[in-house]
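Single-structure report; data block below.
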Amino acid sequence: MEIWINPACSKCSSALSLLDAEEAEYTVRHYLELPPTAPELEQVLDRLQLEPWDITRLTEPAAADLGMDTWKRDATHRERWINALAAQPTLIQRPIITADDGTAVVGRSPDAVRSVLR
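Each residue of the sequence shown is one higher than the one before, starting from 1048 at the first, in the working numbering.
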């Protein structure tokens, strides 16, 4: 299992604490230091069964700078969103946990984190 975190994020810290309490084996990826590539994002989105706009932090200054709140959310514009997330990883919602069984979750709640432990 791998968890993408920002060490300054309280949701990430909570997810790590829960994984530790459950004695889960995982690898930490500091995604701001080692940003995911566009192909990695596509793979994770497929595992999450979400679209890139579903995991975009639109309240980030970078999103405002790009005018992302006005971007179309459809298949034609999907690549634009993915490329923006790859170029500006601060825009990616966190933490994202990819489980060994092929599932993934945005672990913002304890229940979401627990869902990959089953």
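Idealized CB from N, CA, C, for every residue including glycine.
CA-to-CA distance, residue j to residue i, given in whole angstroms
i: L1088; j: Y1073; result: 19 Å
i: E1126; j: R1120; result: 10 Å
i: Q1140; j: V1153; result: 7 Å
i: C1056; j: I1144; result: 14 Å
i: R1165; j: S1064; result: 17 Å
i: R1094; j: A1146; result: 9 Å
i: R1104; j: A1110; result: 7 Å
Where the beta strand (DSSP E) containing residue i begins and where it ends
i: R1076; result: T1074 to H1077
Residues bridged to residue i [DSSP beta-bridge criterion]
i: W1051; result: R1076 and I1143
i: T1103; result: I1139
i: V1152; result: I1144
For residue i, the nearest candidate out of the options (CA to CA)
i: V1075; options: N1053, R1120, A1109 and W1100; result: N1053
i: A1133; options: A1159, P1099 and G1149; result: P1099
i: L1113; options: P1157, R1155 and T1137; result: T1137
Extent of the continuous alpha helix (DSSP H) to which residue i belongs
i: V1091; result: A1085 to L1095
i: V1160; result: P1157 to S1162
i: C1056; result: It is not in any alpha helix (DSSP H) - C1056 carries neither H nor E in the DSSP assignment.
i: P1108; result: P1108 to L1113
DSSP state of residue i mapped onto helix, strand, coil
i: E1126; result: helix
i: D1121; result: coil
i: R1068; result: The displayed chain sequence assigns Ala, not Arg, to residue 1068. In this structure, A1068 counts as helix in the three-state DSSP scheme.
i: L1081; result: coil
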